[in-house]
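Colleague:
Numbering (my numbering), first residue to last: 82 to 269.
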């Protein structure tokens with residue numbers, strides 16, 4: 082009867098005390114490593130793209146979207162952990178106040194800026210990149226057919242990037258690239 086009830090309530094009290102001790106221990110571990118992130122008005126930040134912030138749903142393309150977008154300027158601080166940022170008109174359907182966990186500080190770097198004098202934009206608003214060199218060759222075997230591809234390093238205003246292109250197409254378009262021999266050939 083009453084002894085069992087008394088014993089059970091004592092066990093419950095003991096369990097609660099142990100849970101509180103464990104919780105405070107975990108809190109102290111977290112607080113040691115945690116650093117408060119603060120921004121000033123006028124700072125620029127990147128905005129994290131997640132479905133919970135609504136930014137992911139607001140962007141047109143779902144595939145290959147960046148983890149962060151921006152940079153955007155901080156207009157004001159709201160409370161201890163929220164900031165109002167200046168969003169472009171394309172994101173006007175979003176609320177402009179975000180928690181500090183959704184923001185990442187932008188550090189200005191002159192290499193991020195591309196000089197507009199060097200860029201020639203075509204009528205269809207694309208930028209032409211030119212092939213700099215060929216870095217590799219690959220032959221794919223499909224039943225009784227062999228398809229040769231070359232790894233082309235392209236150069237443009239945004240820097241270098243590499244793509245695999247058909248060897249015949251590149252020989253026709255850019256024969257000057259094929260004056261040297263290939264250093265690497267892979268057969269798949």
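For each residue, glycine too, the CB sits at the ideal point set by N, CA and C. The model shown is predicted, which means the values in this text are computed figures rather than measured ones.
1) Beta-carbon separation of residue 255 and residue 212 under 7 Å?
2) Between 236, 252 and 86, which has its C-alpha nearest residue 230's C-alpha?
3) Do you know offhand how far residue 97's Cα is from residue 116's?
4) Going by DSSP in three states, residue 252 sits in which element: helix, strand or coil?
5) If you compare alpha carbons, which of 210, 220 and 149 is closest to residue 185?
6) From the DSSP output, in three-state form, read off residue 120 for me.
7) Leaving aside the five residues before and after residue 163 along the sequence, list all residues of the same chain whose C-beta is less than 8 Å from its C-beta, in chain order.
8) Would residue 156 and residue 167 be called neighbours here (beta carbons separated by less than 7 Å)?
9) Reducing DSSP to helix, strand and coil, say where residue 103 ends up.
10) Cα-Cα, which of 129, 125 and 170 is closest to residue 190?
11) Between the alpha carbons of residue 214 and residue 220, how many angstroms are there, rounded?
12) Measuring CA to CA, which of 257, 100 and 227 is closest to residue 233?
13) If you draw a straight line from the C-alpha of residue 93 to the C-alpha of residue 109, how long is it?
14) Please report the straight-line C-alpha distance between residue 118 and residue 183, rounded to a whole angstrom.
Modeller: Working from what's here:
1) yes
2) Among 236, 252 and 86, the Cα nearest to that of residue 230 is on 252.
3) Each residue's CA atom was taken as its position, placing residue 97 and residue 116 some 30 Å apart.
4) helix
5) 149
6) In the three-state DSSP reduction, residue 120 falls in the coil class, being neither helix nor strand.
7) 178, 179, 180 and 181
8) Yes, they are a contact pair.
9) helix
10) 125
11) When the Cα atoms are used, residue 214 and residue 220 turn out to be separated by approximately 18 Å.
12) 257
13) 24 Å
14) In this model, residue 118 and residue 183 are separated by some 11 Å (Cα to Cα).
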